[in-house]
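Q: Have a look at this one before I ask anything.
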Amino acid sequence: MKTIYVIRHAKSSWDAPNLTDHERPLIDKGIQRTALVTGFLVKHNIKIGLIISSDAVRAFETAKLIAAAIGYPVGNIKTDRRIYQESLDSVYKVISEVSPKIDSIMIVGHNPTLTNFVNDFLEEEIDELPTSAIVSISFETDDWQGIEGQKPVINFLITPKSLKNAIL
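Residue numbers for the sequence shown, in the numbering used here: 5 to 172.
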């Protein structure tokens, strides 16, 4: 069994015109929303074998927040440029390169690629994966290369908004 946790980076700042898109940092609202998601992961004792993040600042900062909250060594986060504004095929390629010894991975990246990725597996497609949203998808396979063509199990799709509403 292999499980992928797909998370879109937290809300980021558009307020610094001198920064490139790749350099945009998180804003406080994004950090707070990510805390809701990490609270869910901690409550459900979610463990991740490998976190792979886009190398964009906002994605890597999101990955570090999650890693710290769930007890994953921040220094073990792998960054991969192919997750930053690349094609759906690039995400599949990154996943296919993961060792079969690892049973769970988290991909932290961007739209529209991540929305397209999760829509490959959801029965009802979503228009957009919101910032800090996470989708957990499991596959009955022993190899990451085997996920394409497999019937997935959608474990959950959570958003900060859905968690906030559940708390109220």
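Cβ coordinates follow ideal geometry from the N, Cα and C atoms, glycine included.
According to the neighbour-count rule (16 or more other Cβ atoms, all chains shown, within 10 Å of its Cβ), is PHE160 buried or exposed?
A: exposed
Q: Using DSSP with H/G/I as helix, E/B as strand and the rest coil, what is LEU172?
A: With a pLDDT of only 45 at LEU172, under 50, the local geometry of the prediction cannot be trusted, and no value is derived from it.
Q: Cα separation between ILE158 and SER140?
A: 6 angstroms
Q: Shortest alpha-carbon distance to ARG85 belongs to which of THR66, VAL78, ASN49 and VAL61?
A: For ARG85, the closest alpha carbon among the candidates THR66, VAL78, ASN49 and VAL61 is that of VAL61.
Q: By how many angstroms is the C-alpha of PHE64 removed from the C-alpha of ASN80?
A: 12 angstroms
Q: Based on DSSP bridge pairs, tell me the residues matched to LEU30.
A: SER16
Q: Can you name the start and end residues of the beta strand (DSSP E) that PHE125 belongs to?
A: Per DSSP, PHE125 belongs to no beta strand (DSSP E) and is neither H nor E.
Q: Taking the runs of the alpha helix (DSSP H) that are 4 residues or longer, which of them lie wholly in the region 69–140?
A: For the region 69–140, whole alpha helix (DSSP H) runs of length 4 or above, ordered along the chain, are 92–100 and 117–123.
Q: Which stretch, first to last residue, makes up the beta strand (DSSP E) that contains LEU161?
A: 157–162
Q: Using DSSP with H/G/I as helix, E/B as strand and the rest coil, what is THR7?
A: strand
Q: What number of angstroms, rounded off, separates the C-alpha of VAL95 from the C-alpha of ASN169?
A: 31 angstroms
Q: Could you tell me the alpha carbon to alpha carbon distance between ILE11 and SER57, rounded to whole angstroms?
A: 9 angstroms
Q: Could you give the distance in angstroms between the alpha-carbon of VAL102 and the alpha-carbon of TRP148?
A: 7 angstroms
Q: Could you check the C-alpha separation between ASP124 and ILE109 for me, to the nearest Å?
A: So the two alpha carbons sit approximately 17 angstroms from each other.
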